[in-house]
């Protein structure tokens, strides 16, 4: 019995036990969301100007009208001042030189009492520090993704999850009290390190806790909690106008999660992968009891033997390492997609109002707006599939970002809404992404693979810090174009990945690689790969490479007159041996086989899903051909032909034209 069968038949795929545990492990995700984006508020840049000689805090920010007019007209910058000029002077010499703000800055009163920018004057020549401190968060996340992933695969999900919560609360609290900005950067690294230990492991625990049909809830649900974190952050920034208080407000609540040591158990699936069957059995029996079901000892023992006997080699499972992942083509493609997703999503999340609008409202509305997108994902993901939902999300994001260029600059509300909708589209991509990644890789290295993708994806997040907090201020239009281009490229890469919906989780590296090598996809209501058609198509390809090639060559040697016109005309013009083949229906069947094989092997059809359909169509053609050879014409007409028709109708018009042209060319070249 497989683990999924145990959940479905005896424990429950998503019963009350799983629902409670899932809710508990995702509560810390709200805090994590606030920490990753809090720097936007704690480092808010207030309007400012240079501090002049003799000026102090008692002097109003707005100077005398004639003086400030000269200031604006002649200096033209909040980072320069007139040299050797006092604030009390009413006129400024025509030959006055400009200099940097060597005596500091005056900050215009605003909704924020103080921020990290006002405390350490992180503007003008120190402007880079703001982007740098945000970017180092992703450096911490870079290393944390791999280390936390590897440690959780080795020592367990629960231990790493709990340690990450402690680290997050400590580093978040320290940021509020440190006296120097380099220390802020250091503790932001620590916050970033804890991020994957909480968010990624929450997704993994959720994925391993439920059955195949409910796995999508793991990624989508965690993303919903992440979106709620943005809403809470925007609201709390209204309440706490000093950055230290805001930082403490999002850090101290983490202490309540210390109770998780007793409330959240270890992943039963992970325990079984480590052959700790007694502990896994205890957790599964507790879960079944909570769900109103029972799990007998005999059933648990049947699960116990499967991980070892599945491949006949237990050492292969035990010795699997992260190095094995780099031999996976799926991993390499997933890494590129992860970089693109992280880059655009975090760029839009860090600074959603880069084209205009209120930053607090941007966070609150943006967070709420992501929720209906996630609901759509839940409703459509198992029907449409992970891969096509990802592609649609990327295309929608790219389209919306391009539309911002067509909106006049003064319509900031429309621009902001387009950006928020684009961000929400990517939020749905992010939600699917985590579940999709976890489904592509085996249990023994699932968390390591997710950690590795998340780790390298931080390259995109790192770049997003500078895009959002630096370049977007001066090159907003260019950033819109860049975000759109990145999203389109990521959508194209996703086409090269297999579909995972409805498949059991791989337990071994061999299972995962076999699954990734299959050409799968959904075409209309025909689920290629789910019912074994891919394997049949592979056998058909091998058949083509051997016996079928000679048959096709024999068919192509027929004169044009034999294959054109009515059946009666063809019979009259054919040789005796050819008449037999025409009567048996062999010619049209082998003709389809020849064309389909040429298309599949030549990869002239660019849509991966359509290539999958053609592969299945090829196999059905071979079956019909075999029936014809055996004289089973009636069976061929009743069974194979309708399936061939269904396969052909599943193709789009472009690929139908390709096939039609190839058949026409083939008939033109017949001798």
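Numbering (my numbering), first residue to last: 618 to 1288.
Positions of the beta carbon are idealized from the N, C-alpha and C atoms, including for glycine.
C-beta atoms of residue i and residue j nearer than 8 Å
| i | j | result |
| --- | --- | --- |
| residue 1014 | residue 1094 | no |
| residue 966 | residue 1040 | yes |
| residue 1000 | residue 1116 | no |
| residue 977 | residue 629 | no |
| residue 752 | residue 785 | no |
| residue 871 | residue 792 | no |
| residue 847 | residue 650 | yes |
| residue 774 | residue 887 | yes |
| residue 840 | residue 1048 | yes |
| residue 795 | residue 787 | no |
| residue 1070 | residue 951 | yes |
| residue 1089 | residue 1096 | yes |
| residue 627 | residue 789 | no |
| residue 757 | residue 807 | yes |
| residue 865 | residue 654 | no |
| residue 1290 | residue 1012 | The requested residue 1290 does not occur in the structure, where the chain is confined to residues 618 to 1288. |
| residue 668 | residue 742 | no |
| residue 613 | residue 728 | An answer regarding residue 613 cannot be provided, because it is not within the stretch 618 to 1288 covered by the chain. |
| residue 755 | residue 1038 | no |
| residue 845 | residue 647 | yes |
| residue 834 | residue 731 | no |
| residue 1368 | residue 970 | Any property of residue 1368 remains undetermined from this structure, which presents the chain solely from 618 to 1288. |
| residue 1010 | residue 1045 | yes |
| residue 1035 | residue 1020 | yes |
| residue 964 | residue 1084 | yes |
Where residue i sits in the DSSP three-state scheme
| i | result |
| --- | --- |
| residue 893 | coil |
| residue 654 | helix |
| residue 602 | In this structure the chain extends from 618 to 1288, so residue 602 is not present and cannot be described. |
| residue 660 | coil |
| residue 717 | strand |
| residue 825 | helix |
| residue 924 | Model confidence at residue 924 stands at a pLDDT of 38, short of 50, so the residue's coordinates are unreliable; what they give is reported in the following sentence. In the structure shown, residue 924 sits in a helix (DSSP, three-state: H, G or I). |
| residue 1180 | Legend: pLDDT at residue 1180 = 40, less than 50; position of this residue unreliable, no value from coordinates given. |
| residue 973 | coil |
| residue 839 | helix |
| residue 1054 | helix |
| residue 1292 | Here the chain covers residues 618 to 1288 and nothing more, so residue 1292 does not appear. |
| residue 626 | helix |
| residue 613 | This structure leaves residue 613 out entirely; the chain is present only between 618 and 1288. |
| residue 1223 | Note on residue 1223: pLDDT 42, under 50, position unreliable in the model; no value is reported. |
| residue 813 | helix |
| residue 908 | coil |
| residue 966 | helix |
| residue 632 | coil |
| residue 832 | coil |
| residue 710 | coil |
| residue 1116 | coil |
| residue 1090 | helix |
| residue 884 | coil |
Residue interval of the alpha helix (DSSP H) (run including residue i)
| i | result |
| --- | --- |
| residue 722 | Counting along the chain, residue 722 falls outside any alpha helix (DSSP H), though it belongs to the beta strand (DSSP E) covering 722-724. |
| residue 1095 | 1093-1111 |
| residue 989 | 976-1001 |
| residue 864 | 860-868 |
| residue 622 | 620-623 |
| residue 878 | 877-880 |
Unbroken beta strand (DSSP E) run spanning residue i, endpoints
| i | result |
| --- | --- |
| residue 797 | Note, residue 797: premise wrong, no beta strand (DSSP E); not H, not E. |
| residue 698 | 697-699 |
Identity of the residues DSSP links to residue i by a beta bridge
| i | result |
| --- | --- |
| residue 731 | 859 |
| residue 703 | 670 |
Tell me the start and end of each unbroken alpha helix (DSSP H) in the segment 744-777 that is at least 4 residues and wholly inside, in chain order.
-> 744-772
Minimum length 4: unbroken alpha helix (DSSP H) runs contained in the segment 1018-1084 | 1029-1057, 1063-1083
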